[in-house]
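If you read the protein sequences in the order shown, they are chains A, B, C and D. Each number in the working numbering comes from the position in the first sequence (counting from 1) with 58 added on. Each number in the working numbering comes from the position in the second sequence (counting from 1) with 35 added on. Each number in the working numbering comes from the position in the third sequence (counting from 1) with 320 added on. Each number in the working numbering comes from the position in the fourth sequence (counting from 1) with 291 added on.
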Amino acid sequence: MKFAFFKGCKIPYYLGQYETSTRAVLKPFGVRLVDLEFNCCGYPNRDLYFESFVLSAARNLALAEKKKLDIVTPCKCCYGSLKHAVHYLHENEKLRRDVNAVLAGEGLSWKGTIQVHHLLTVLCDDIGLPAIYASIVRPLGGLTVAAHYGCHALRPSNVVHFDDPLAPSIFEDLIAATGAKTVDWPRRLDCCGNPLLGKNNALSLSLMRTKTSDAAESGADCICTACTYCQIQFDAVQSAETPEDQRESMVPAILYTQLLGLSMGLSERSLGISRNALSIEKLGPAWKLLPGAF
Amino acid sequence: MTLPKSHNYDPTHVFDVMVIGSGIAGMAASLFAVNRKLSTVQAGSVGGTLFTSGLFDLISVYPVGEKKLWENPWEALDAMRRDGSRHPYNRISKEDIQVSFDEMISFLGASGMKLRFDQNRNLKVITSMGTIKYTYCVPDSMWPGVEAYETKAPCLIVDFNGLKEFSARQVATTLREEWPALRSLRVAFPGMAGRDEVFAAHLAQALELSETRIALARMVKPELGDARFVGLPAVLGIKRTQTIIAHLGRLLGVPVFEIPMMPASVPGFRLKEIFDSELPQKGLLRLIDKRVMSVNRAENGNFLLNIGGNNESQVIQARSVILATGRFMGKGLLSDRQGIFEPLFNLPLHQPDNRTAWHHERFLHPAGHPINSAGVDVDDSFRPVDAEGRPIYDNLFAAGTILAHQDWMRMKCGSGLAIATAYAAVTAFIENFMKQSTRESA
Amino acid sequence: MRTQVLVIGGGATGTAVARDLALRGVQCILVEKGDLNSGASGGNHGLLHSGGRYVTNDKEAARECKLEGDIVKRLMPQCVEDTGGLFVAVRGDDEKFIADYPSHCAECGVPCEAISPQEARELEPTLSENVIAAYRVEDASVDPFKLTLLNISQAISLGSRRLRSTKVIGFDIHNKKIERVLVRNVNTGNEFHIEVEQVVNCAGAWANQITGLAGIEVPIQYSKGTLLVTNDRINYRIINRLRKPSDADILVPGGTVSIIGTTSTPVEDPDDIYPTVEEVDLIVREGAVMVPVLERSRFVRAYCGVRPLFGKSGGSDGRNVSRGFALLDHSKENVDNLTTITGGKLTTFRLMAEKTVDLVCRKMGVTAPCLTRTEPLPTTTGGQWTEPGISPKRWMRSHEPDDIMICECEMVTRRAIDEIIESLKGHNEKPGLVDICMRTRLGRGACQGAFCGMRAAAYLYERGELTGREGIVDIGKFFQERWKGIHSILWGDQLIQAELMESIHCGLFDEELYTPSR
Amino acid sequence: MIKTLLESTFLFACLYMALGICALGILIRIARWFAADIGPRSAVIPVWMRVAAATKGFVATVFSLRFFLFFKVLVLDVMLQARIIKTDLSRWIMHIFIFFGFMLLLLMHALDELVTKKVFPEYYSTLAPFQQLRNVFGLMVIVGVAMAIYRRVRQRGPMLITRYADRYAVIILAVIMISGFLVEASKITSESVFNRMMKDFSSAGGPADEDAIKAFWSGEYGTVFADFKTPVTPELIARGKQLNDESCGSCHAPTKTAFISFPVARALRPAAVPMDRIQADVILYYVHVLACFAGLAYLPFSKFFHIITDPLTMIVNGMSDKKKVNQAGAMPRRAMELDACTNCGTCSRYCSVAPVFRMTGNETILPSHKIRTIRSLSSGKKTGADELRKISEGAFICTSCYRCTEVCPTGINLQDQWFASKELLAEKGYPLPHVWMKQFNASEWSDRIRAGEATREKDVDTIKGRYYNLTADSDVFAPCIQCQTCTNVCPVVAAQTDRKDAVDITPQKIMNLLRLGLNDLAMGSRMVWDCTTCYQCQEHCPQGIQVTDIIYELKNKAYGHFKNIDRTAGNDS
């Protein structure tokens with residue numbers, strides 16, 4: 059299996075562990091990730107300029123098309139954005155024509171010949187749950203995880219085609235493979251708040267805190283994410299923005315690739331565990347109880 | 036280690052049943068099908084269950100024009116049968132109706148929504164309008180309200196600043212004559228004190244957290260007085276209702292109950308959550324209907340559901356379809372100035388001759404509006420039929436409110452109709468196909 | 321109870337007569353058997369004619385419209401949206417009529433400017449591609465509810481009174497003079513007398529019933545006109561069909577909606593009229609010829625009014641009878657102090673009032689001049705909430721923390737309802753949902769009351785305006801008032817809306833079981 | 292008579308003058324690093340603290356393990372320019388040619404007395420291999436410059452910026468190089484130079500020998516004699532070669548080894564005699580040396596300054612952590628970086644949001660252009676509101692991906708520059724659109740539309756919606772049945788915040804505002820600008836209304852309408 063690896067803007071500098079852990083986890087399954095000179099997925103620009111958003115995404119799609127590679131991205135915003143662009147380019151012929159006219163300046167064009175995948179779909183569908191189950195050497199029994207779905211991969215379902223938008227199960231299925239328990243929590247499908255960070259911090263943090271309180275009340279040891287922005291929100295932002303007297307109530311976040319990597323017996327170093335802002339030790343007793351804990 | 040199902044499906048698989056629609060009828064049909072080990076796929080939108088009040092009606096008014104209320108729903112069914120009504124209930128035995136209800140009730144009970152009913156008696160529930168509604172069974176969360184009304188015990192109804200659809204004072208004032216011990220209280224919902232408006236689902240979400248419940252109880256408790264029950268608008272959580280009811284009851288020292296209100300209805304959200312999350316675990320494949328492009332029929336009679344969008348298009352094959360798309364709100368029936376039609380299969384419909392005859396000039400006309408009894412005519416196997424009464428397809432069934440000759444809003448039979456006809460459709464399919472194919476293979 | 325002048329009828333004319341009298345220092349009581357504008361004044365397009373409509377057939381009316389229209393625009397601008405108008409002809413329309421139009425306008429002094437079909441379509445993108453000719457005129461839209469409310473408000477502020485739900489049931493006539501008028505409160509059934517000097521009959525389509533009480537027959541024909549309201553505004557200017565007046569040939573934008581109409585069907589009885597499905601279909605079909613989008617627009621309401629047409633005619637649809645007004649001094653019929661004003665049209669309502677009051681004052685020996693020709697109409701609170709979009713605009717600008725939106729579609733707020741309730745209570749009237757609906761936009765949007773009816777009822781209970789089971793009865797009345805306007809337009813989205821409404825109020829609340837069968 | 296540099300007082304004076312100007316220039320520029328306020332005004336720190344921070348940083352680094360990074364940076368980044376090869380091989384070749392060619396010329400030729408002589412005691416400028424090497428280095432520079440010019444001409448576009456100072460610098464460099472070769476060529480052809488050498492070095496006795504050498508030099512070494520009449524025979528040449536080997540060979544390699552100058556000399560042959568007569572070699576020498584001095588003096592004021600700033604920047608940034616910025620030290624560093632930027636445009640080529648520039652045409656989106664705007668913002672020059680709005684748009688479209696910083700051949704911490712400029716712009720009243728949108732409430736925005744301040748639809752193609760126009764199409768929002776599901780599933784409406792942070796209206800009210808034709812009230816509403824775009828509303832709408840897409844479009848339209856409105860009336864921009 060070979061994919062063009064779409065990292066997005068944030069991973070290289072803010073969440074390097076997502077890249078290293080993704081590579082580490084995919085390698086044993088024989089998945090090759092190819093780096094192309096991608097640009098921004100377009101999402102941040104959609105608020106201001108629809109056309110720019112589509113062009114940004116279309117350029118990435120066209121680059122991958124040129125290499126005849128499907129795209130895989132570990133970020134749900136990037137996924138949603140690329141899928142939206144695909145949707146619009148299919149739907150609106152005038153848009154397609156105009157975008158291709160700009161792309162032609164670089165010798166590129168969008169034809170719609172490749173697919174965009176999210177990392178979780180690749181794991182669940184392309185690699186397959188049986189192979190993942192087979193790769194587990196250290197099941198994480200005793201750990202209770204709240205799966206955070208992230209909005210942009212899930213909705214709108216007629217555009218993103220990810221999973222059932224109202225009752226998705228892919229993430230819980232994948233977490234179950236690691237041996238960890240999942241909880242059904244009321245705010246499972248809600249927004250992490252990151253899209254509003256820097257725009258309305260109070261609101262952004264309120265959304266985040268509602269989710270962490272809910273996860274805690276549901277008995278989760280940690281929140282598991284599979285999105286760059288969600289992880290940044292629950293990890294770096296939660297760590298930086300939680301007042302001193304409330305730090306006890308923080309709920310750490312872990313990337314799915316890190317969780318899977320640990321259960322696959324990969325080294326903490328390759329998974330970048332120590333680069334998470336909220337130390338994994340905060341997982342508390344549950345973590346210590348893991349077989350072969352460190 | 037057993038492998039959980041993949042969220043992906045095998046495109047070559049031929050499903051036994053394809054349920055189209057995601058209201059109560061669609062959900063019930065899916066439930067009955069998966070419970071019978073039929074491989075089932077369901078296509079439906081969000082709507083449907085979201086608009087349900089949480090009450091499960093069987094029947095309480097018949098005949099509609101006389102506004103005759105029945106204490107015992109089964110007797111109403113008998114009366115209807117005696118009159119030779121064409122109501123779909125008359126195509127199902129009372130036993131089957133009973134069985135279908137039991138199966139639904141046990142499923143919901145196992146999924147965290149206990150339903151309470153009194154075998155041969157309709158329950159009386161107070162609504163946010165201050166009316167008393169007859170219904171067959173209610174969720175656990177509304178049960179103390181039934182008891183409270185019956186005993187007319189001292190009761191405090193609480194509402195919240197900014198929840199504009201619910202006035203405790205309205206309920207209490209309207210019912211004062213028959214229930215003098217009813218009082219009302221308004222409080223600011225914890226954490227939302229500064230809001231102009233609050234919304235039911237948001238209150239429900241907030242109550243999922245124990246801190247909110249503690250804060251709420253702290254405000255209500257001093258005002259309890261002699262109240263032996265506390266009634267609240269139906270906002271007591273979506274996922275953890277039982278915990279919330281129990282917790283609030285403990286904190287207040289008296290039973291707490293919910294009063295059904297208009298959409299967006301939290302009990303509807305609750306029901307949707309259960310169906311959405313539990314049915315797939317029983318093996319149901321669910322598709323959101325935004326992905327369903329069209330339905331065709333293969334040469335061998337199987338139905339082909341085209342799903343997808345953009346560049347990807349997949350076909351799902353099923354041996355039968357249960358059409359449970361509902362009426363106008365569910366888009367099971369569409370209408371224009373010329374008439375009403377069924378968009379998926381273009382089924383012939385029983386309908387008034389012209390639009391003048393659709394509605395009365397009075398909204399609350401006792402006879403109910405003729406358009407509401409229009410719909411799909413079926414045979415005893417719940418297969419849509421043509422003008423001559425012959426089934427249009429031997430493997431197409433219809434269930435729920437799309438059926439003709441019923442006015443669920445006036446007869447108060449929506450849920451019962453949905454559940455019983457879904458049951459009948461699934462069993463008819465098994466009768467006609469599974470046994471037949473078993474015979475064939477034997 | 322006694323008064324100098326008793327004005328019968330609370331439509332545009334009646335309230336204008338009351339105001340005109342008040343401004344001349346004459347005190348009056350206005351009695352209305354229903355609510356203000358419950359007759360033709362509330363059942364019309366809300367169109368302030370430039371005169372362009374009448375230049376071909378009724379030149380006098382055209383000139384009147386031009387003059388009066390200008391006065392209304394100048395003195396009552398708060399009730400007018402000066403949209404301008406277009407007359408357009410589509411392929412197949414009478415070529416001669418089109419060609420003669422500008423010269424007819426010129427004859428009547430009605431400004432009119434020919435523009436190309438292309439330009440017309442740029443101004444009004446929803447116009448049909450089949451438009452072959454177009455003229456710009458000075459039509460405007462007017463809010464008849466606001467007009468009436470503000471007129472009566474000023475009369476009241478100058479010492480007059482109004483009595484709603486008060487029906488005139490008899491005259492005591494002595495010496496060719498009505499001395500006392502017997503009235504009945506239709507809600508309570510109470511009957512009482514009002515001593516009068518003069519009686520002005522502004523009962524419009526019901527004028528005949530009033531004069532009948534004095535044994536006088538007025539030749540009036542009734543013509544029912546049906547109109548449809550769209551869910552959102554689809555045109556900027558008033559669009560008239562450039563042809564001989566016929567069905568569904570005027571599309572008037574009013575605030576946030578557009579109104580297409582009208583029909584003209586002779587009826588025997590001005591009471592108990594409903595828009596029919598046939599009329600609705602006719603309007604949609606005909607309107608779509610001019611503005612094709614109407615074919616698939618969502619309509620939120622159909623309503624009708626009865627035009628009182630004075631005189632007898634041989635025509636079938638009453639369109640040939642003059643739309644001019646009739647001022648009848650019944651002295652000839654041996655009742656000296658009874659004056660009837662009927663016929664006419666909304667645009668000339670002020671003029672009708674002026675002429676009437678001139679006559680009445682002459683009879684009374686009052687010499688004060690008419691001031692409505694020169695004095696601007698003042699704005700008052702309570703008379704402002706009928707303007708579409710006013711409530712959201714104010715609410716968005718600033719609002720008290722608890723000023724919640726009761727009606728979401730038209731965004732009517734608690735404050736608006738409070739003001740209406742206060743003003744109704746100021747007249748010792750019990751506020752109900754129907755009254756609030758008429759004075760605000762409550763329930764006039766897409767949901768037609770399904771949601772806001774419940775919210776408003778809850779709020780009235782909160783305020784203590786309703787007790788016991790009154791709410792259930794009141795909401796039933798309110799729905800019926802709304803239903804009158806929607807039952808003939810229920811298809812597509814609006815049928816879905818109606819189903820939702822019934823599923824809530826009958827399916828869940830069982831309200832039909834609480835309403836006594838009629 | 293030609294005098295070498297050390298012998299000419301004039302040139303010496305010139306040298307000192309150039310050195311003086313250069314030193315002064317460098318000092319001024321360095322002083323400016325500490326004086327310039329680059330970044331948010333709120334973070335302005337007294338100059339002495341900046342100096343202290345820089346010194347402290349320097350000392351701390353020197354006495355820490357990080358110091359070893361110094362060598363890594365020096366060798367890899369400064370010498371081998373590893374940062375350039377990462378992104379662009381041809382640019383690296385060009386740069387290496389210029390850099391090494393020039394440096395080696397500087398060391399081995401210009402400073403031969405100081406450097407080459409010390410290293411190679413047998414050095415003599417006309418000896419092999421020094422003669423070849425000089426030509427090799429010269430060629431490298433010329434090829435490099437040619438590549439640079441070619442690239443500049445080929446890669447047109449706003450990403451590359453050339454200032455006048457840069458042009459002059461290139462011209463000076465070209466003059467130095469060309470005059471250098473011409474000096475050498477004119478010397479080769481010069482009879483007088485030959486004669487001087489003969490006088491100084493030849494042991495040859497008679498005119499016959501002189502003729503022989505002349506014949507040999509004329510034939511093989513390219514010297515042009517004005518009146519050399521002796522018939523040239525092979526014997527004569529052989530004799531000349533012998534004599535040459537004896538007396539000249541020890542300090543003069545064959546001129547052919549100057550493989551550039553020699554062909555040039557050949558080409559100059561027809562003009563050689565007159566040139567010699569006017570002592571062209573001396574003139575050219577002066578041109579050459581003076582050009583060098585000019586270059587030296589001009590160095591701090593041109594692109595050449597990067598010879599100094601780039602290594603410094605690479606070393607400073609290479610040795611410190613780019614994410615942890617010390618604010619006191621940041622300002623001088625940022626100022627230095629501005630000097631270090633060579634406008635090579637690499638950052639813009641890799642800019643993640645470059646496609647936005649392609650669509651909108653706002654060049655301030657591109658990093659290379661942003662550096663320029665930062666320069667002009669920090670210069671204290673008054674910037675107009677229109678310009679600031681444009682700059683602000685460019686600044687906030689940046690996704691802070693650090694890619695420009697990663698690829699910058701000079702190792703400038705560009706991302707930090709952007710962070711600082713975003714803060715500065717926010718201070719000036721030009722923050723992120725989501726923030727300035729809230730400077731007014733929805734009603735105030737709508738007033739401004741009504742007052743005609745907003746951009747009119749017909750003026751901006753994008754406002755009208757070139758591809759979609761959901762907010763103006765009643766088919767899209769009219770199906771709303773007021774069920775409030777959208778509002779009930781909206782996490783933003785649900786969020787527990789203070790009243791001032793709470794949203795003003797709900798998604799359902801947006802649909803109603805659209806239906807009421809009050810789009811201008813919807814556009815500036817907080818609900819629209821605080822939407823997390825989670826699509827819950829759209830997914831749940833029973834009527835299939837594209838609620839979130841409508842909100843997106845409202846944002847687009849609001850931005851299009853409002854972006855040119857002056858929001859800072861009264862503020863000092």
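Quick reminder that beta carbons are idealized off the backbone N, C-alpha and C, glycines included.
Under a three-way DSSP split, which group does residue i fall into?
i	result
residue 268 of chain B	strand
residue 294 of chain A	helix
residue 467 of chain B	helix
residue 513 of chain C	strand
residue 239 of chain A	strand
residue 725 of chain D	helix
residue 345 of chain B	Its pLDDT being 49, under 50, residue 345 of chain B is placed unreliably in this model, and the coordinates cannot settle the point.
residue 544 of chain C	strand
Taking the alpha carbon of residue i as the point to measure from, which residue in the options has its own alpha carbon closest?
i	options	result
residue 802 of chain C	C:595, C:609, C:700, C:723	C:595
residue 562 of chain C	C:437, C:511, C:445	C:437
residue 421 of chain C	C:411, C:412, C:407	C:407
Residue i touches chain B at which residues, Cβ-Cβ below 7 angstroms?
i	result
residue 826 of chain C	444, 445
Who are the neighbours of residue i on chain B, taking C-beta pairs under 9 angstroms?
i	result
residue 440 of chain C	Near residue 440 of chain C there are no residues of chain B at all, since even the closest Cβ is about 28 angstroms away, more than 9 angstroms.
At 8 angstroms on the CB atoms, spell out the chain B contacts of residue i, in chain order.
i	result
residue 244 of chain A	240, 243, 272, 273, 274, 275
Worksheet item: For the segment 297-316 of chain B, which residues have a beta carbon sitting closer than 7 angstroms to at least one beta carbon of chain A?
Response: Only 311, 312, 315 from the segment 297-316 of chain B bring a Cβ to less than 7 angstroms from some Cβ of chain A.
Worksheet item: Does the count of Cβ pairs from the segment 311-331 of chain A and the segment 71-80 of chain A closer than 8 angstroms reach three?
Response: Yes, they touch.
Discussion item. For the segment 278-288 of chain A against the segment 226-242 of chain A, do three or more pairs of beta-carbon atoms, one drawn from each stretch, fall closer than 8 angstroms, so that the two count as touching?
Written reply: With the cut-off at 8 angstroms, the segment 278-288 of chain A and the segment 226-242 of chain A touch.
Item to complete: Please list the residues of the segment 690-701 of chain D that have a C-beta atom closer than 8 angstroms to any C-beta atom in chain A, keeping them in chain order.
Response: Near chain A, meaning a CB-to-CB distance below 8 angstroms, the residues of the segment 690-701 of chain D are 690, 691, 692, 693, 694, 697.
Worksheet item: Which residues, in chain order, does the segment 781-804 of chain D contribute to contact with chain A at a C-beta distance below 9 angstroms?
Response: Listed by position along the chain: 782, 783, 785, 786, 787, 788, 789, 791, 792, 793, 794.
Worksheet item: Taking Cβ-Cβ distances below 8 angstroms as the criterion, which residues of the segment 217-228 of chain A are in contact with chain B?
Response: Cβ contacts with chain B come from 217, 219, 221, 222, 223, 224, 225, 226, 227, 228.
Worksheet item: Listed from N- to C-terminal order along the chain, which residues in the segment 738-772 of chain C have their beta-carbon within a distance smaller than 8 angstroms of any beta-carbon of chain D?
Response: If the cut-off is 8 angstroms between Cβ atoms, the segment 738-772 of chain C has 765, 766, 767, 770, 771 near chain D.
Discussion item. Please list, in chain order, the residues of the segment 235-251 of chain B that have any C-beta partner in chain A closer than 7 angstroms.
Written reply: The segment 235-251 of chain B vs chain A, Cβ under 7 angstroms: 240, 243, 244, 245.
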